[in-house]
Amino acid sequence: MASKFNRKKIKLLIALFSVLFLSTGWGQPDFISPKDVVSVDVLLSQDRVHRGGEVKFVLITEIKEGWHINANQVDSEFAIPTEIIIDTLNGVIPSGPIFPEFERKQFPFSEDALPVFEGKINIITLLTFADNLPIGEVFVSGSIYYQACNDRMCLNPTEIPWGFKIDVVEPRETVTEINQDLFYDKKTVEENTETDTVGGWIQSKGMFITFILVFFGGLALNLTPCVYPLIPITVSYFANQSTGKISRSFVLALFYVLGMALTYSVLGVVAASTGSLLGSALQNPLVLIFIALVLVALSLSMFGLYEIRVPQSLASVGGKSRQGIFGALFMGLTVGIIAAPCIGPFVVSLLIFVGEQGNPFLGFWLFFTLALGLGVPFLILGTFSSMISSMPQSGVWMVWVRKLFGVILIGMAVYFLETLIPVRIYQFVLAVLLITGGVYLGWIEKSTGGKLFTVFRWLIGIASLLFAVWLSFPEKDHQEINWQAFDYKLLEQAKTDGKPVILDFYAVWCIPCKELDRNTFTNEEVVKLSEEFVTLKVDLTHESDQLVKDLKKVFEIRGVPTIVFIGENGKEIKHLSFYEFIEAEEFLNKMKEAVN
59 MASKFNRKKI KLLIALFSVL FLSTGWGQPD FISPKDVVSV DVLLSQDRVH
109 RGGEVKFVLI TEIKEGWHIN ANQVDSEFAI PTEIIIDTLN GVIPSGPIFP
159 EFERKQFPFS EDALPVFEGK INIITLLTFA DNLPIGEVFV SGSIYYQACN
209 DRMCLNPTEI PWGFKIDVVE PRETVTEINQ DLFYDKKTVE ENTETDTVGG
259 WIQSKGMFIT FILVFFGGLA LNLTPCVYPL IPITVSYFAN QSTGKISRSF
309 VLALFYVLGM ALTYSVLGVV AASTGSLLGS ALQNPLVLIF IALVLVALSL
359 SMFGLYEIRV PQSLASVGGK SRQGIFGALF MGLTVGIIAA PCIGPFVVSL
409 LIFVGEQGNP FLGFWLFFTL ALGLGVPFLI LGTFSSMISS MPQSGVWMVW
459 VRKLFGVILI GMAVYFLETL IPVRIYQFVL AVLLITGGVY LGWIEKSTGG
509 KLFTVFRWLI GIASLLFAVW LSFPEKDHQE INWQAFDYKL LEQAKTDGKP
559 VILDFYAVWC IPCKELDRNT FTNEEVVKLS EEFVTLKVDL THESDQLVKD
609 LKKVFEIRGV PTIVFIGENG KEIKHLSFYE FIEAEEFLNK MKEAVN
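The opening position of the sequence shown corresponds to residue 59 in the numbering used here, with each subsequent residue numbered one higher.
What follows is the structure in structure tokens.
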């Protein structure tokens with residue numbers, strides 16, 4: 059921001075040149091004031107604000123036809139950037155502003171295209187009100203500082219004042235959102251060209267090619283950590299299916315994948331339409347308990363306690379052959395919830411496109427195609443896992459194998475309850491499961507299968523006991539990034555201090571988030587370079603929180619993990635953002651670019 063002293067010098071210089079310019083007859087015949095070129099109106103996102111709460115305001119800035127103002131980011135030291143000035147007010151902390159994307163235009167007086175604003179633009183700022191702010195009316199004021207130019211001349215830089223009143227009320231009182239179309243219109247926030255993939259494909263390639271590319275995008279999701287929980291569940295379920303024919307196994311696996319795709323598609327369309335996080339169903343305790351109960355029920359059937367059958371009304375439709383299909387479809391519908399957190403740049407692009415189109419039918423089939431791509435490896439895995447029980451002489455040791463998968467499924471059930479129980483209890487339950495499961499499978503379970511099979515059983519038992527012992531030891535101390543919980547004050551202070559910022563948006567149910575914490579954020583070089591940043595974590599587990607809602611909209615968060623870089627000037631560095639697990643080396647390169 060130019061100092062007032064520099065502004066005065068620039069104004070004086072421009073005024074002198076303007077006088078000379080106009081006196082030579084090259085100026086406009088009719089003098090125009092800079093304030094006649096631009097008009098400003100202010101609208102709020104709420105009718106009033108809670109004490110300790112937040113409100114956004116938008117400066118609707120209209121620029122006279124034939125004129126432009128410089129963008130907020132300029133290329134030349136002689137160009138005067140547009141600025142939003144907010145008068146200091148105790149207890150009110152501003153964040154932003156967020157400018158729209160500027161245009162680059164060529165003018166006769168410049169060799170290079172210049173970044174400018176034309177027409178009508180919306181500039182958004184967030185205000186945070188202190189907890190101890192007195193109840194009553196507050197007046198917020200400021201100005202917009204700009205320089206207006208046309209194709210032939212530039213006017214003196216000037217300021218247009220603006221202001222508004224808003225009532226501060228107690229948190230228990232009702233606050234109504236207003237003017238929401240102005241605050242979340244796609245033109246208001248700078249767009250990330252990297253996430254416009256799907257819309258660009260449809261325009262350039264056509265719908266058919268787009269669906270093919272979406273399918274391969276889903277296939278690529280299998281390279282992310284989100285698929286880890288699906289592997290043991292898929293293998294365990296199909297290992298318990300006795301099919302006899304590979305064609306029958308393929309049909310069961312196909313219905314399993316179709317069920318997974320149906321659930322994923324519905325969750326995807328809902329997330330795109332409502333702005334909720336894809337995979338956020340896993341934050342609901344009832345959903346987690348349901349998944350755990352399904353896994354435990356399946357596990358107990360593998361121990362021979364009972365046989366799971368579909369309801370008689372469904373079984374009568376197609377006999378025994380249909381029962382297996384219904385079971386596979388039901389399991390697929392269930393694991394579709396587990397697959398939902400699979401996220402990445404491609405999925406973010408798809409969510410944004412479907413949300414903007416407002417076409418749930420198209421959105422469903424796009425997500426369905428994506429999920430089919432994701433499900434291809436599980437189609438293969440399910441087909442061949444179900445053939446285990448059909449192998450020659452498998453009856454001798456297959457009983458033990460099913461019980462092994464039963465123990466694994468109980469472990470997966472405990473895994474999905476991790477966020478609902480304290481860490482120590484979670485680790486204790488896992489250790490007990492490993493000890494009891496290891497002893498049972500290694501020495502108590504008496505299935506026979508020759509000496510080699512006996513040795514294999516012992517190895518599984520010993521490995522389980524060693525893993526349980528390893529879990530009981532506390533983790534070694536290691537370096538890690540000094541994360542702070544998100545606070546607008548810290549964000550504003552970073553801008554004042556000229557420090558870049560890293561924002562880590564995560565949720566407790568997010569597997570790639572945990573991989574980043576465990577592997578990427580503990581790298582020695584990453585930790586050292588992070589000292590040059592303000593590092594903030596944003597917990598998106600509870601989407602009903604007002605702060606979470608605001609941040610999701612401001613930063614266009616569609617899933618977790620999402621890592622956002624903000625430069626020293628307080629502006630988001632869009633091309634550095636990422637939405638998946640990456641290795642420490644790649645993250646380090648992004649950090650270096652942000653610093654430089």
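Note that the Cβ used here is the ideal one computed from N, Cα and C, for glycine as well.
Keep in mind that this is a model prediction, so the values were computed, not measured.
Between the alpha carbons of residue i and residue j, how many angstroms are there, rounded?
i: Lys477; j: Trp567; result: Checking the sequence, you will find Thr at residue 477 rather than Lys. Computed Cα separation, rounded: 7 Å.
i: Gly628; j: Gln205; result: 22 Å
i: Leu491; j: Pro343; result: 22 Å
i: Ile182; j: Leu609; result: 13 Å
i: Phe419; j: Pro152; result: 41 Å
i: Ile631; j: Met649; result: 11 Å
i: Asn298; j: Ser444; result: 7 Å
i: Asp94; j: Arg616; result: 41 Å
i: Phe474; j: Phe266; result: 38 Å
i: Val612; j: Ala471; result: 36 Å
i: Phe486; j: Ile479; result: 11 Å
i: Val559; j: Thr620; result: 14 Å
i: Asn130; j: Phe426; result: 42 Å
i: Ser530; j: Gly469; result: 16 Å
i: Leu288; j: Asn540; result: 33 Å
i: Ser357; j: Glu550; result: 52 Å
i: Leu598; j: Val459; result: 40 Å
i: Leu587; j: Glu614; result: 27 Å
If the criterion is Cβ atoms closer than 8 Å, does the pair residue i and residue j meet it?
i: Val622; j: Leu548; result: no
i: Leu117; j: Gly154; result: no
i: Asn214; j: Pro92; result: yes
i: Phe563; j: Val618; result: yes
i: Asp105; j: Ile236; result: yes
i: Gly464; j: Gly496; result: no
i: Glu161; j: Val150; result: no
i: Ala386; j: Phe313; result: yes
i: Gly317; j: Asp189; result: no
i: Gly382; j: Thr292; result: no
i: Ala429; j: Ser323; result: yes
i: Met389; j: Tyr295; result: yes
i: Pro431; j: Leu320; result: Note that residue 431 is Gly in the sequence shown, not Pro. Their beta carbons are not under 8 Å apart, which means Gly431 does not touch Leu320 by this criterion.
i: Gly413; j: Ala330; result: yes
i: Glu169; j: His126; result: no
i: Leu353; j: Ala398; result: no
Comparing the CB of residue i with every heavy atom of the ligand ATP, is any distance shorter than 7 Å?
i: Pro155; result: Within the structure as shown, the ligand ATP is missing, as the structure has no ligands at all.
In or out: residue i buried (at least 16 other Cβ within 10 Å) or exposed?
i: Trp220; result: buried
i: Leu634; result: buried
i: Gly362; result: exposed
i: Tyr286; result: exposed
i: Ile143; result: exposed
i: Pro229; result: exposed
i: Leu391; result: buried
i: Trp655; result: No answer is possible for residue 655: it lies beyond the span of the chain, which begins at 59 and ends at 654.
i: Thr234; result: exposed
i: Lys114; result: buried
i: Ile156; result: buried
i: Ser305; result: exposed
i: Leu310; result: buried
i: Leu281; result: exposed
i: Lys303; result: exposed
i: Ser407; result: buried
i: Ile647; result: This sequence places Asn at residue 647; Ile is not what is there. Exposed, by the Cβ-count rule.
i: His108; result: buried
i: Lys553; result: buried
i: Lys178; result: exposed
Bridge partners for residue i per DSSP, in chain order?
i: Asp99; result: Ile118
i: Glu123; result: For Glu123, which the question treats as bridged, DSSP gives no partner whatsoever.
i: Ser201; result: Ile143 and Pro219
i: Leu172; result: Lys163
i: Gly440; result: None; Gly440 has no bridge partner.
i: His108; result: Val227
i: Ile182; result: Val116 and Ile156
i: Gln537; result: In the DSSP output, where bridge partners are listed per residue, Gln537 has none listed.
i: Asn128; result: Val174
i: Ile560; result: Thr593 and Phe623
Item to complete: Would you be able to state if there are at least three C-beta pairs under 8 Å between the region 493-502 and the region 512-528?
Response: Touching, yes, given that three or more Cβ pairs across the two stretches are closer than 8 Å.
Worksheet item: Are there three or more Cβ pairs, one per stretch, closer than 8 Å when the region 638-647 is compared with the region 574-590?
Response: Taking 8 Å as the limit for Cβ pairs, the verdict is that the region 574-590 does touch the region 638-647.
Discussion item. Taking 8 Å as the cut-off, does the region 419-431 touch the region 345-361 (at least 3 CB pairs, one atom from each stretch)?
Written reply: Using a Cβ-Cβ distance cut-off of 8 Å, the region 345-361 and the region 419-431 are not in contact, since fewer than three pairs of beta carbons, one from each stretch, lie closer than that value.
Worksheet item: At a cut of 8 Å, does the region 589-603 reach the region 159-171 through at least three beta carbon pairs?
Response: Contact between the region 589-603 and the region 159-171 is not established, with fewer than three Cβ pairs separated by less than 8 Å.
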